[in-house]
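Since the structure comes first, as structure tokens, the remarks are kept for the end.
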Amino acid sequence: MQITVQVVQRLSPGGIETMALDLANSQAADQQQANYIISLEGNLSELIKDWPKLKPYRQQIICLNKPQGWSYTTVKQLHQLLLLLKANCVHTHHIGPLIYGGLAARLAGIRHLIHTEHDAWHLQNTKRRWLQNCILQITRPTFVADSNLVAQQAKQLLNYQNIKVIYNGIDTSRFTFGAKQAAREQFNLPSNVSLIGCAGRLEAVKGQAVLIDALSQLPEHIHLAIAGQGSCLEKLQQQTQRLGLSQRVHFVGLIDDMPRFYQSLDVFCLPSFNEGFPLAALEAQACGIPVVMTKTGATSEAICPEFSQLVPPGDSLDMAKALNELITRLNDFNPDSVDANTRAQIKTIAETHRQFVMKFASLKQMLSAYQALKA
């Protein structure tokens with residue numbers, strides 16, 4: 001039996017964590033495989049409270065509640081857990097889990113150690129780069145980058161050349177076309193507007209403040225729905241009030257039914273200052289929704305080039321221009337006035353974005369690629 005243990009820093013809402021859940025869920029029905037997730041930080045009850053989506057996975061999740069700073073006790077805990085679970089593969093996500101999970105895996109004599117790097121901007125930090133080089137030389141994992149850009153940067157900055165690229169994949173059977181008006185009703189969003197959507201942690205690095213500034217430069221029939229939670233919620237609400245946008249910005253909180261959220265939109269926007277290979281953009285495009293994203297990290301590899309657009313991070317003027325051009329092209333403010341040719345174009349845009357995702361970033365492709373590493 002193949003028993004895989006994934007290690008993440010903290011199992012909170014995010015792209016890495018969603019990928020870990022997808023990997024765990026994909027093997028749940030296979031009696032020849034088991035997949036556990038170990039969260040270095042937090043305890044199970046608080047993690048489920050913050051992210052109810054975890055509840056069905058509670059039997060597969062183990063939390064170590066690691067204290068801040070270096071903890072050799074955590075390495076020992078992980079080592080004992082790996083032996084108890086009879087793990088024969090450990091899969092770490094990012095540098096902290098690589099340190100703890102990698103050391104514990106080698107102490108336990110586990111043959112298959114896979115490490116996925118989801119971005120490389122943190123490697124610009126000399127201390128982090130030195131630390132990661134050291135732990136890579138000690139643990140010698142199969143190194144996976146989630147994009148060509150991350151692979152290229154990792155090869156340049158780390159003394160580690162055998163790097164494979166496996167794109168993060170999404171479940172295109174879940175993320176698919178849907179009824180826009182029914183989706184808007186579900187989230188109490190207005191039906192007679194053009195709607196931009198944004199989803200992610202409400203933190204400064206995610207750039208929602210720039211998107212709100214961009215909205216202030218757009219016509220009044222364009223609204224914004226922001227999904228997520230985080231420490232910047234109050235600041236963003238204050239910014240919205242200050243700009244007189246309270247009736248046009250809709251904070252919908254943490255959403256479990258993300259396919260339905262994307263289906264409610266006309267355009268999805270990812271305004272981050274730093275990104276790796278963004279799952280949210282792929283999810284939106286799989287639902288047929290075009291995107292405007294900041295050009296950072298590997299976003300250029302995750303965007304359909306035929307219709308969607310990239311803009312500089314932090315530039316609300318360019319962001320507003322790109323959003324307005326895309327919404328104007330969709331001509332979706334008043335569906336009753338849209339002629340047959342325009343409706344056909346809208347359908348073509350939706351299908352083109354979905355096919356872009358299905359071609360290279362489906363969950364099935366990702367699972368197959370990771371499974372091959374364990375052979």
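According to UniProt numbering, the sequence shown is numbered sequentially starting from 1. Glycine included, each C-beta is placed from N, C-alpha and C at the ideal position.
Contact check, residue i vs residue j, beta carbons under 7 Å
i: ALA284; j: VAL291; result: yes
i: PRO219; j: PHE273; result: no
i: LEU326; j: PRO271; result: no
i: LEU265; j: ILE289; result: yes
i: LEU282; j: ALA361; result: yes
i: LYS374; j: CYS89; result: yes
i: ILE226; j: PHE187; result: no
i: LEU157; j: LEU136; result: no
i: THR139; j: ILE114; result: no
i: ALA20; j: VAL5; result: no
i: ILE3; j: LEU85; result: yes
i: GLU301; j: THR352; result: no
i: ALA286; j: PHE175; result: yes
i: residue 377; j: GLN263; result: In this structure the chain extends from 1 to 375, so residue 377 is not present and cannot be described.
i: CYS198; j: CYS304; result: no
i: ARG184; j: HIS223; result: no
Buried or exposed (CB count within 10 angstroms, at least 16 for buried), residue i
i: GLU275; result: buried
i: PHE277; result: buried
i: SER231; result: exposed
i: LEU317; result: exposed
i: MET366; result: buried
i: GLN309; result: buried
i: TYR36; result: buried
i: GLY200; result: buried
i: MET319; result: buried
i: TYR72; result: exposed
i: VAL205; result: exposed
i: ASN334; result: With a pLDDT of 49 at ASN334, under the threshold of 50, the modelled position of that residue is not reliable, and no figure is offered here.
i: GLU117; result: buried
i: ARG128; result: exposed
i: THR126; result: exposed
i: LYS180; result: buried
i: GLY14; result: buried
i: ALA372; result: exposed
i: LYS49; result: exposed
i: ALA280; result: buried
i: ARG111; result: exposed
i: THR240; result: buried
i: THR328; result: exposed
i: GLN355; result: exposed
i: LYS364; result: exposed
i: SER147; result: buried
i: ALA87; result: buried
i: GLN153; result: buried
i: SER246; result: exposed
i: THR348; result: exposed
i: SER12; result: buried
i: GLN70; result: A small correction: the amino acid at residue 70 is Trp; Gln does not occupy that position in the sequence shown. Looking at its Cβ environment, which holds fewer than 16 other Cβ atoms inside 10 Å, TRP70 is exposed.
i: ALA344; result: exposed
i: ALA108; result: buried
i: ALA214; result: buried
Presumed contact (8 Å Cβ cut-off) between residue i and residue j, rounded CB distance
i: LYS155; j: ILE163; result: 6 Å
i: LEU202; j: LEU233; result: 5 Å
i: VAL311; j: THR294; result: 6 Å
i: VAL144; j: ALA120; result: About 13 Å; that fails the 8 Å criterion.
i: GLN229; j: LEU254; result: 5 Å
i: LYS66; j: LEU83; result: Not quite, the Cβ-Cβ distance comes to about 19 Å (not below 8 Å), so this is no contact.
Using 8 Å as the threshold, is the segment 168-181 in touch with the segment 243-260, meaning 3 or more CB pairs across them? yes
Stretch-stretch touch, CB-based, cutoff 8 Å, three pairs: the segment 124-135 with the segment 89-108: yes
Taking contact to mean at least 3 C-beta pairs separated by less than 8 Å, is the segment 72-86 in contact with the segment 95-114? yes
Specify whether the segment 41-51 and the segment 181-195 touch according to this definition: at least 3 beta carbon pairs, one from each stretch, less than 8 Å apart. no
Examine the Cβ distances between the segment 46-60 and the segment 19-27 and report whether three or more of them are shorter than 8 Å. yes
Any beta strand (DSSP E) of 3 or more consecutive residues that is wholly inside the segment 87-135: 89-93 and 112-117
Give the list of continuous beta strand (DSSP E) stretches no shorter than 3 residues that lie fully inside the UniProt domain "Glycosyl transferase family 1" (181-328). 194-199, 222-227, 249-253, 267-270, 291-294 and 309-311
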